[in-house]
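Residue numbers (the numbering used here), protein chains in the order written: chain A, -7 to 200; chain B, -7 to 200.
Idealized CB from N, CA, C, for every residue including glycine.
No experiment lies behind these values; they were computed from the predicted model shown.
What follows is one structure encoded as structure tokens, with my remarks underneath.
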DNA sequence: TTAAATATCACTCAAAAGAGTGATAGGCCA
DNA sequence: TGGCCTATCACTCTTTTGAGTGATATTTAA
């Protein structure tokens, strides 16, 4: 019996190409393909696929909600995300929602067959960059992808402990305005607008 | 130039088989093989391998200490664990110590070549069961040990995204002062004094 | 040896946030 | 029925923070 698959992907051409590709192998059969995942729960309940391929950016509900819905209504369904996004935010949201795999769209199509086989064996197919991000998330060591200077790092470390500018200045023996000066640069480098966003970003991405 | 590899594995026959296997491919060369990792730091410093294959159960220091030492002295070294153990305890200790991959010994030897290629591409080769365990570790549910009400939770969720009070009020269709009212209660319940501390605590303790 | 980056501090102005106080209304439950 | 909790909103006052601008000394790198 071939592996049954359902696709959620809003790009019509891509979705049809994928369906054609998968159907061309007798071991796989696409039971349904949809350009949104608003009815994902009902669909997996009806079609009972072995594997779901899920885009993230779709009209209506995002694939992040999509994987959550699928996993809630039919947990035994293997869900592989298939997306262009490789930011930490969406990646970990998908994983927390129960995704079983995460492939970037730049993945060569042939790899898709491997991934589906792998996920059915209980594995977790991931693109290399994604796998690396996942492993890095276990290390509590900083990455400094934003090129913070050592002084800026010190300031940010104190900030994410919830300290006020006044306290930080005292702690690092510098003037109030110097701390603010550093903070401005930090916000620039992190692309945020205020301390709260900086804390959120630093902690979410384990910068320190 | 072939990929240079160092092996740490106390089973002599297995270690020699691995070395023979890897050396049989001109693209790979085993620069050294050792039955313990007590001198792992000095060894990688001397031999500067691209990849280290590391057993866990060895006389003297464990492979867990081993990967930590290697990563500390030469972080650019890719370390792949190669072990029979598949318990969560050792697995996550290795990941936290900085392992770049985790293969079970039941892995077919041919897969080793894939794994080495994968780790050099920035990926994280893992046996399917291991990958599954890693992904499962992300499915944490919120705890709500501080007895936040549903409304307070909504406010906190928006706060930790870095939103201002004004934005939160708008988002939840409530008055500016109502949001502040909720925030005051949230700060009380979390035992913090300001929004920055609340964000830090909520994210560190994965409250939401 | 110049130019760039870094670290330092100062001043102003406006916006945001925290502290304190109090009020109203609906739901729940004993 | 009368508390208790939750959610809602309002007002004041003070502190904190962000944005803008600019200056100076030191270090680093081209």
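Could you check whether the Cβ of residue i sits closer than 9 Å to any Cβ belonging to chain A?
{"i": "residue 57 (chain B)", "result": "no"}
{"i": "residue 156 (chain B)", "result": "yes"}
{"i": "residue 142 (chain B)", "result": "no"}
{"i": "residue 136 (chain B)", "result": "no"}
{"i": "residue 210 (chain B)", "result": "What is shown of chain B runs -7 to 200, which leaves residue 210 (chain B) out entirely."}
{"i": "residue 201 (chain B)", "result": "Beyond the ends of chain B as shown, which are -7 and 200, falls residue 201 (chain B); an answer cannot be given."}
{"i": "residue 126 (chain B)", "result": "yes"}
{"i": "residue 149 (chain B)", "result": "no"}
{"i": "residue 192 (chain B)", "result": "yes"}
{"i": "residue 78 (chain B)", "result": "no"}
{"i": "residue 45 (chain B)", "result": "no"}
Which of the three DSSP states is assigned to residue i in this structure?
{"i": "residue 154 (chain A)", "result": "coil"}
{"i": "residue 121 (chain A)", "result": "helix"}
{"i": "residue 73 (chain B)", "result": "strand"}
{"i": "residue 95 (chain A)", "result": "strand"}
{"i": "residue 81 (chain B)", "result": "helix"}
{"i": "residue 167 (chain B)", "result": "coil"}
{"i": "residue 183 (chain B)", "result": "coil"}
{"i": "residue 174 (chain A)", "result": "helix"}
{"i": "residue 16 (chain A)", "result": "coil"}
{"i": "residue 106 (chain A)", "result": "helix"}
{"i": "residue 27 (chain A)", "result": "coil"}
{"i": "residue 149 (chain B)", "result": "helix"}
{"i": "residue 113 (chain B)", "result": "coil"}
{"i": "residue 140 (chain B)", "result": "coil"}
{"i": "residue 101 (chain A)", "result": "helix"}
{"i": "residue 197 (chain B)", "result": "coil"}
{"i": "residue 131 (chain A)", "result": "coil"}
{"i": "residue 66 (chain B)", "result": "coil"}
{"i": "residue 52 (chain B)", "result": "coil"}
{"i": "residue 58 (chain A)", "result": "helix"}
Suppose contacts are defined by Cβ-Cβ distances below 9 Å. Is residue i in contact with residue j by that definition?
{"i": "residue 117 (chain B)", "j": "residue 108 (chain B)", "result": "yes"}
{"i": "residue 60 (chain A)", "j": "residue 89 (chain A)", "result": "yes"}
{"i": "residue 82 (chain A)", "j": "residue 121 (chain A)", "result": "no"}
{"i": "residue 96 (chain A)", "j": "residue 119 (chain A)", "result": "yes"}
{"i": "residue 80 (chain A)", "j": "residue 197 (chain A)", "result": "yes"}
{"i": "residue 53 (chain B)", "j": "residue 30 (chain B)", "result": "yes"}
{"i": "residue 152 (chain B)", "j": "residue 190 (chain B)", "result": "yes"}
{"i": "residue 176 (chain B)", "j": "residue 138 (chain B)", "result": "no"}
{"i": "residue 50 (chain B)", "j": "residue 1 (chain B)", "result": "yes"}
{"i": "residue 192 (chain A)", "j": "residue 154 (chain B)", "result": "yes"}
{"i": "residue 219 (chain B)", "j": "residue 17 (chain B)", "result": "It is not possible to answer for residue 219 (chain B), since the shown part of chain B is limited to -7 through 200."}
{"i": "residue 91 (chain B)", "j": "residue 46 (chain B)", "result": "yes"}
{"i": "residue 214 (chain B)", "j": "residue 130 (chain A)", "result": "This structure leaves residue 214 (chain B) out entirely; chain B is present only between -7 and 200."}
{"i": "residue 62 (chain B)", "j": "residue -3 (chain B)", "result": "no"}
{"i": "residue 140 (chain B)", "j": "residue 150 (chain B)", "result": "no"}
{"i": "residue 23 (chain A)", "j": "residue 187 (chain B)", "result": "no"}
{"i": "residue 174 (chain A)", "j": "residue 144 (chain A)", "result": "yes"}
{"i": "residue 28 (chain B)", "j": "residue 21 (chain B)", "result": "no"}
{"i": "residue 75 (chain A)", "j": "residue 48 (chain A)", "result": "yes"}
{"i": "residue 40 (chain A)", "j": "residue 7 (chain A)", "result": "no"}
{"i": "residue 58 (chain A)", "j": "residue 72 (chain A)", "result": "no"}
Which one or two residues does DSSP pair with residue i in a beta bridge?
{"i": "residue 126 (chain A)", "result": "Paired residue(s): none; residue 126 (chain A) is not in a bridge."}
{"i": "residue 46 (chain B)", "result": "B:0, B:73"}
{"i": "residue 22 (chain A)", "result": "A:-3"}
Compare the C-beta of residue i with all C-beta atoms of chain B and state if any pair is closer than 9 Å.
{"i": "residue 108 (chain A)", "result": "no"}
{"i": "residue 183 (chain A)", "result": "no"}
{"i": "residue 123 (chain A)", "result": "yes"}
{"i": "residue 195 (chain A)", "result": "yes"}
{"i": "residue 68 (chain A)", "result": "no"}
{"i": "residue 120 (chain A)", "result": "yes"}
{"i": "residue 131 (chain A)", "result": "yes"}
{"i": "residue 39 (chain A)", "result": "no"}
{"i": "residue 189 (chain A)", "result": "yes"}
What are the residues of the region 89 to 117 of chain A that lie near chain B, defined by any Cβ-Cβ distance shorter than 7 Å?
90, 92, 110, 113, 114, 115, 116
Given a limit of 8 Å on CB to CB distance, which residues of the region 161 to 180 of chain A reach chain B?
none
What residues in the region -5 to 12 of chain A bring their beta carbon closer than 9 Å to a beta carbon of chain B?
Taking 9 Å as the Cβ-Cβ cut-off against chain B, none of the residues of the region -5 to 12 of chain A qualify.
Along the region 15 to 37 of chain A, what residues have a CB closer than 8 Å to any CB found in chain B?
Residues of the region 15 to 37 of chain A with a Cβ closer than 8 Å to any Cβ of chain B: none.
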